[in-house]
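Undergrad: Below is the structure I would like to discuss, written out as structure tokens.
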Amino acid sequence: MARMHTRRKGKSRSHRPMISENPEWVPIGATEIEDLIVKHAKNGVGSARIGLILRDQYGVPNVKLATEKTITQIMKEKNVISSIPEDLSNLMRRAISLNGHHKDHKGDVANKRGLNLIEAKIRRLERYYKANNILPMEWKYSLKNAELMLK
């Protein structure tokens, strides 16, 4: 797959092994995994970070194989998911950071271009989430609102 904002090809990466059931050596059960997910989600940790924590600290290689549900599905069931999708909030954090850098360094035109590209991605995601009824139709992105929502 090609890059979004450049004319380069994508990079190869490693792939998970083809297994269809939870390994026997996984130390904790499905209910304990769900409890850990809820505990971390209540502390404000995103689903990707929860997966890393479960892998590195608790030895769970794949939550979906262990519980037959994804981390996001478990968070939705337990009503601990945030109102803004994780990918959108991460992009908004990056935009806030780049905007702060731009205020300090007015001549950094590469930073300004990066901020424009990230805001374009945010607006594209906003359109997608509104079309799929994940965000309300009156939700609107702006840097000021993003700073208020995420801090």
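Just so we're aligned, residue 417 is where the sequence shown starts under our numbering, counting upward by one.
C-beta atoms are modelled at their ideal positions from N, C-alpha and C, and glycine is treated no differently.
Got a sec? Which residues, its chain only, sit under 7 Å from Tyr557 by beta carbon, not counting five neighbours each side?
TA: On the sequence shown, residue 557 is found 141 positions in, with the first residue counted as 1. Closer than 7 Å at the Cβ level, and outside the excluded window around Tyr557, lie Ile538, Arg539 and Glu542.
Undergrad: Can you find the residues in the same chain that come closer than 6 Å, C-beta to C-beta, to Pro443, ignoring five residues on each side of it along the sequence?
TA: In the sequence shown, counting from the first residue as 1, residue 443 sits at position 27. Same-chain partners within the cutoff: Gly475.
Undergrad: Check whether chain B comes within 7 Å of Val496, counting only Cβ atoms and requiring the distance to be less than that.
TA: You won't find chain B in this structure, because it holds only one protein chain.
Undergrad: Let me know if Ile435 comes out buried or exposed under the rule of 16 or more other beta-carbons within 10 Å of its beta-carbon.
TA: Against the sequence shown, residue 435 aligns to sequence position 19. The residue in question, Ile435, is exposed, as its Cβ has fewer than 16 Cβ neighbours within 10 Å.
Undergrad: According to DSSP, is Lys494 part of a helix, a strand, or is it coil?
TA: Walking along the sequence shown from the start, residue 494 turns up at place 78. Three-state DSSP puts Lys494 in coil, outside helix and strand.
Undergrad: Confirm the yes/no value for this check: CB of Arg465, any heavy atom of the ligand SAH, distance under 6 Å.
TA: The ligand SAH is not part of this structure, which contains no ligands at all.
Undergrad: Should Leu481 and Asn438 be called a contact, given that it needs their Cβ atoms to be closer than 7 Å?
TA: Stepping through the sequence shown from its first residue, residue 481 is reached at position 65. Stepping through the sequence shown from its first residue, residue 438 is reached at position 22. Yes, Cβ-Cβ distance for Leu481 and Asn438 is below 7 Å.
Undergrad: Exposed or buried, which one is Gly426 when buried takes at least 16 other CB atoms within 10 Å?
TA: Position 10 of the sequence shown, counted from the start, is the residue given in the question as residue 426. The residue is exposed, with fewer than 16 neighbouring Cβ atoms inside 10 Å.
Undergrad: Is the beta carbon of Ile534 closer than 7 Å to that of Ala511?
TA: Locating residue 511 in the sequence shown gives position 95, counting from the first residue. Locating residue 534 in the sequence shown gives position 118, counting from the first residue. Going by C-beta atoms, Ala511 is nearer than 7 Å to Ile534.
Undergrad: If I measure Cβ to Cβ from His421 and keep anything under 6 Å in the same chain, skipping five residues before and after, which residues do I get?
TA: Position 5 of the sequence shown, counted from the start, is the residue given in the question as residue 421. So the list reads Leu533, once near-sequence residues are dropped.
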